[in-house]
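Q: Going down the list, the sequences are from chains A and V. Numbered continuously in this note's numbering, the first sequence closes out at residue 527. Numbered continuously in this note's numbering, the second sequence closes out at residue 1244. Where is the CB? At the ideal position from N, CA and C, for every residue including glycine. All of these numbers come straight from a predicted model, not from anything done at the bench. Supplied in structure tokens, the structure appears directly below.
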Amino acid sequence: MRSAAAAIGWEFRRRHRWGLLALACYPIAMAILRMSGRKIHIDDEQSFAFVVAVPLTATFLYLVSVFSFGLSGDLSARRSIYPSRMFTLPVTNSALAGWPMLYGGVAVTILWAVTRLLALWPSGISVPVIWPALLAASLLAWTQALTWMPYALPGLRVIVTILWLAAIDAIIMIALNFKAGELVMLAILAPHVPLAYVTARYAIARARRGDEPDWRPLFRAAAPRRREHFPSPARAQTWLEWRQHGRSLPAAVAIVLPFELALLFLFRETPALVFEMLIVVLTTPPLLAVFAAATVSGSSLTKFIATRPMTSASLIAAKLKVTIASTLAAWLLVLVATPIALKLSGTWPLVIERVHRLAEVVGAPHAAIAMLLVFVALLATTWKQLVQSLYVGLSGREWLVKGSVFLALAIVAVIVPAAHWAMTNKALIALVWNAGGWILAIIVCLKLAAAASIAIRLYDKRLLSDRALVLGALLWSATVFAVYGVLAWTFPEVMIRRYVLALVAIVAVPLARLSAAPLALAWNRHR
Amino acid sequence: MSESVIAISGLTRRFGAKTALASVTLSLPRGAVYGLVGANGAGKTTLIKHILGLLRAQEGTVRIFGHDPVADPVAVLSRVGYLSEENDVPGWMRVHELIRYSRAFYPAWDDAYAEELRTMFALDPMAKVKSLSKGQKARAGLLIALAYRPELLVLDEPSSGLDPIVRRDILGAVIRSVAEEGRTVLFSSHLLEEVEQVADHVTMISGGRIVVSAPLNEIKESHRAGERLPTLDEIFIAHAAKRN
């Protein structure tokens, strides 16, 4: 390597070769589809979304993470996420800013070119030629510039970047709304990359000379009071877990919720939209829990934590307690903020009226219990999202974490279009409906076999005491019975057979993956 | 009878094709300072990780106070104080929070001693760990490793990259620990003159094998050339040259 440009490029290629190779599978699959000569039509929105839009967006986001160094940087910190080790290289700020920006720009341009050439576009739409590539390059360049900038407050980077990128998106949406042509779009987007480059160069210059303003003293209250000692190691560990990860979900809900509830004020004249917004609000904690789960299971088991005199099971127990507290805190925010927003927006009577109608139809006790059950189900789903992938992150194996993400994306990319296709095939629906019991039975057998295998390993390795294993099994059984009872109360036997409900209850309550968490942690802790 | 604090037998560890430890056998009785020396990549940290249970023995056995540190981490880690070069104490913690958190794990935690160490190391209780200098972080790590008077103190390159004043604090801690009856110190360092100052026994490791393990005086006597006793540095270089 004879130049800084080649060295920087080599590092990107070398560090992310597997991810980039995996991403290459998508255009290859598209090319094979094209070359096969088969006529595949994707004229409906869902198929288009899952065959083109979702893979394209996921690939773009991955490239943004790679070329902005977001995969290794701390987005919430004040300091620049640009790797500080590169500041000591004998290269100019222009080179440090310019080469990653150029490589990233080329990568997203190729992504657009390949997608435009190979993707199956719905018939009758005119696919733009250049401006989407320029938009992608602009978004990437601004992400780089804004994330490389040092900030005066922790978390400010995320807010500034999101607001700025949302503003660019809004301008593009408005332009599209006015049916702007290719040239107009190019004119709108043309200044972005040069401006972002200048900003990035300034950001790197500041980061390089350690120019990091600090506004935290302005917000600092009186010195924190000293607290009493922890009564037990378990309490101390739970405190640490809460401080490290527990606040992620409530904080995310607290950030998103005001925007969602603000829409109630906009849509108050349209009852249908009000109820749609309420559904969005109620599904926000489980949805955000999917992302917060990554922080809870965080793969970095430090030596400091690993050398605490606690069993791996106790370390997991602290995490589980914190996930319960996180779930409750997130829902407390929803339960407090939503009625206030409904009241202030004047949409409260709409909701009350709908509740009265439900009570009239099914009776007041049934209506109350049904609403309570929906709430408990949402609460349980939020917690389940936080804990069900715990074992992956706690294993500390990067290949397992990346592999599980790719597997999940692959399943979504295959299952959703397949399910969409299946929904249009009545014979198949009838077949699946008739075989539903068998399918569930197979899933239950697999789940129980996995759980039994994990329980044997937990016992053999003495990771859980006999008492904990028996108590865990009893608690799981009691929960399954409770879920079965609720399902049996909700669905009459003429609609769904009881044994199917029992199988659904067994599938719904987490067991195998949750039990695998202590094994995964021990595997990571004692390598 | 002097029970072995650390008893390692036939310990072998491979990372892929590389053998990091090859049939290491070591027994450290109670109440002395053991210096663990060796070149970079010799296997010192790998050995210490086995002692702490952070690595599982692929072959052989590791027993600390008679317990397997992997099977029974609580029994081992509650009696071990550990300070490493990395010192990855969470940066968001304040010093008083670090002390409050750490004391929960050790019934023998001595509040008065912890406060004495904090004052001696000039650690501001309200300071966040991430705002401390490297030397102050090492002192904070030393504080929580010492405040419960562990039976075994494991120091893995603790003074690497630190100024002489912090290094003096660390050596002082080693000497103080030994002065208290029955305590044992395992001290891994590149700075051989430091090891020489405090170690009673020295274990030299090279290429994953123990090449020398004996009382320091015996090692020096066995390498004597004429009137002058060689320094540990000279002995180390002589062994390295012999190996090459």
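Do you know how far the Cα of residue 1192/V is from the Cα of residue 1163/V?
A: Along the second sequence, read from residue 1 onward, the residue named residue 1163/V stands at position 163. Along the second sequence, read from residue 1 onward, the residue named residue 1192/V stands at position 192. Taking the straight line joining both Cα atoms gives about 16 Å.
Q: Using the beta-carbon of each residue, which ones in chain V are nearer than 7 Å to residue 240/A?
A: Here the question's residue 240/A lines up with position 240 in the first sequence. 1101, listed in chain order.
Q: Would you say residue 345/A reaches chain V, if we count a Cβ-Cβ gap shorter than 9 Å as a contact?
A: Looking up residue 345/A in the first sequence gives position 345. It does not: the Cβ of residue 345/A has no partner Cβ on chain V nearer than 9 Å.
Q: Could you work out which residue in 482/A, 453/A, 29/A, 198/A is closest to residue 505/A when comparing CA atoms only?
A: On the first sequence, position 505 is the one that residue 505/A refers to. For residue 505/A, the nearest C-alpha among the options comes from 482/A.
Q: Is the distance from the Cβ of residue 1044/V to the Cβ of residue 1157/V below 9 Å?
A: Translated into the one-based positions of the second sequence, residue 1044/V becomes position 44. Translated into the one-based positions of the second sequence, residue 1157/V becomes position 157. In contact: residue 1044/V and residue 1157/V (Cβ atoms closer than 9 Å).
Q: Output yes if chain A places a C-beta closer than 9 Å to the C-beta of residue 989/V; else output no.
A: Within the shown structure, residues of chain V are numbered from 1001 to 1244, placing residue 989/V beyond reach of any answer.
Q: Any beta carbon of chain V sitting closer than 9 Å to that of residue 83/A?
A: Start at 1 with the first residue of the first sequence, and residue 83/A comes out as number 83. With 9 Å as the cut-off, residue 83/A does not count as an interface residue toward chain V.
Q: Taking residue 393/A as the reference, which of 15/A, 401/A, 201/A has the closest Cα?
A: By 1-based counting over the first sequence, the position of residue 393/A is 393. Checked all of 15/A, 401/A, 201/A; the closest Cα to residue 393/A is 401/A.
Q: In the structure shown, what three-state DSSP assignment does residue 323/A receive?
A: As a working mapping, residue 323/A is identified with position 323 in the first sequence. Residue 323/A falls in the helix class under three-state DSSP.
Q: What are the residues that DSSP puts in a beta bridge with residue 1038/V?
A: As a first step, residue 1038/V must be located in the second sequence, where it is residue number 38. Bridge partners of residue 1038/V: 1205/V.
Q: For residue 1001/V, which residues from the same chain have a beta carbon less than 7 Å from its beta carbon, with the 5 sequence-adjacent residues on both sides left out?
A: In the second sequence, counting from the first residue as 1, residue 1001/V sits at position 1. Confidence is the limiting factor: at residue 1001/V the pLDDT is only 44, short of 50, which leaves the residue's position unreliable and the question unanswerable from this model.
Q: Using C-beta distances below 6 Å, list every residue in its chain close to residue 295/A, excluding the 5 sequence neighbours before and after it, in chain order.
A: For this step, residue 295/A is matched to residue 295 along the first sequence. Cβ neighbours of residue 295/A beyond the five flanking positions: 245, 248.
Q: How big is the Cα-Cα spacing for residue 11/A and residue 99/A?
A: On the first sequence, position 11 is the one that residue 11/A refers to. On the first sequence, position 99 is the one that residue 99/A refers to. Their Cα atoms are separated by approximately 12 Å.
Q: Is the shortest distance between the beta-carbon of residue 230/A and the beta-carbons of chain V less than 9 Å?
A: Against the first sequence, residue 230/A aligns to sequence position 230. Output row for residue 230/A: interface = yes.
Q: At 9 Å on the CB atoms, spell out the chain V contacts of residue 245/A, in chain order.
A: Residue mapping note: residue 245/A aligns to position 245 of the first sequence, counting from 1. None at all; the shortest Cβ gap to chain V is about 11 Å.
Q: Of all the options 337/A, 503/A, 360/A, which has the alpha carbon lying nearest to the alpha carbon of residue 484/A?
A: On the first sequence, residue 484/A is found 484 positions in, with the first residue counted as 1. That would be 503/A, whose Cα lies nearest to the Cα of residue 484/A.
Q: For residue 443/A, collect the residues of the same chain with a Cβ closer than 7 Å to its Cβ; drop the 5 residues on either side in sequence, then sort them by chain order.
A: The residue you call residue 443/A lines up with position 443 of the first sequence. The answer, listed in chain order, is 507.
Q: Would you call the stretch 311-327 of chain A and the stretch 408-419 of chain A in contact, with 3 or more CB pairs under 8 Å?
A: In short, these stretches do not touch, since the Cβ pair count stays below three.
Q: How far does the alpha helix (DSSP H) with residue 981/V in it extend, from its first residue to its last?
A: With chain V covering only 1001 through 1244, there is no way to say anything about residue 981/V.
Q: List the endpoints of the continuous beta strand (DSSP E) containing residue 1007/V.
A: Looking up residue 1007/V in the second sequence gives position 7. Taken as a continuous stretch (DSSP letters only), the beta strand (DSSP E) holding residue 1007/V covers 1004-1015.
Q: Taking only runs of the alpha helix (DSSP H) that begin and end inside the stretch 373-402 of chain A, which ones reach a length of at least 4 residues, in chain order?
A: List check, alpha helix (DSSP H) in window: 390-394.
Q: Among the residues of its own chain, which have a CB less than 6 Å from the CB of residue 107/A, if the five just before and after it don't count?
A: Here residue 107/A is taken as the residue at index 107 of the first sequence, counted from 1. Contacts found: 63.
Q: Can you give the Cα-Cα distance for residue 293/A and residue 381/A, rounded to whole angstroms?
A: Numbered from 1 along the first sequence, position 293 holds the residue referred to as residue 293/A. Numbered from 1 along the first sequence, position 381 holds the residue referred to as residue 381/A. Computed Cα separation, rounded: 12 Å.
Q: Which of the three DSSP states is assigned to residue 460/A in this structure?
A: The sequence position of residue 460/A within the first sequence is 460, counting from 1. Residue 460/A falls in the helix class under three-state DSSP.
Q: What residues from chain A crowd round residue 1074/V, counting only those whose CB sits closer than 7 Å?
A: The residue labelled residue 1074/V in the question sits at position 74 within the second sequence. Going along chain A in sequence order, the residues near residue 1074/V (Cβ under 7 Å) are 309, 310, 311.
Q: Use the C-beta contact count for residue 1058/V: other C-beta atoms within 10 angstroms, 16 or more gives buried, fewer gives exposed.
A: Locating residue 1058/V in the second sequence gives position 58, counting from the first residue. Exposed is the call here.
Q: First and last residue of the alpha helix (DSSP H) that includes residue 32/A?
A: The count along the first sequence starts at 1 and reaches residue 32/A at position 32. Per DSSP, residue 32/A belongs to the alpha helix (DSSP H) from 17-35.
Q: Should residue 464/A be labelled buried (16 or more other beta-carbon atoms within 10 Å of its own) or exposed?
A: Here residue 464/A is taken as the residue at index 464 of the first sequence, counted from 1. So residue 464/A counts as buried.
Q: Counting contacts by CB-CB distance shorter than 9 Å, is residue 1086/V in contact with chain A?
A: Along the second sequence, one-based indexing puts residue 1086/V at 86. With 9 Å as the cut-off, residue 1086/V counts as an interface residue toward chain A.
Q: Mind listing the chain A neighbours of residue 1053/V? Cutoff is C-beta to C-beta under 9 Å, in chain order.
A: Working through the second sequence from its first residue, we reach residue 1053/V at position 53. Correct list: 306, 307, 525, 526.
Q: Starting from the N-terminal side, write out each stretch of the beta strand (DSSP E) that is 3 residues or longer and does not extend beyond the stretch 1028-1077 of chain V.
A: Correct list: 1033-1038, 1059-1064.
Q: I need the DSSP call for residue 1001/V, collapsed to helix, strand or coil.
A: Here residue 1001/V corresponds to residue number 1 of the second sequence, with the count starting at 1. Since pLDDT at residue 1001/V reaches only 44, below the 50 mark, its modelled position is unreliable, and no value is offered.
Q: Bridge partners for residue 1082/V per DSSP, in chain order?
A: Taking the first residue of the second sequence as 1, we reach residue 1082/V at position 82. Paired residues: 1154/V.
Q: Is residue 462/A close to chain V, meaning its C-beta is less than 9 Å from at least one C-beta of that chain?
A: Here residue 462/A refers to the residue found at position 462 of the first sequence. Output row for residue 462/A: interface = yes.
Q: Anything in chain V within Cβ reach of residue 235/A, meaning under 8 Å, just list it in chain order.
A: The sequence position of residue 235/A within the first sequence is 235, counting from 1. Near residue 235/A (Cβ distances below 8 Å), the residues of chain V are 1104.
Q: Can you give the Cα-Cα distance for residue 471/A and residue 326/A, rounded to whole angstroms?
A: As a working mapping, residue 471/A is identified with position 471 in the first sequence. As a working mapping, residue 326/A is identified with position 326 in the first sequence. Those two C-alpha atoms are separated by around 24 Å.
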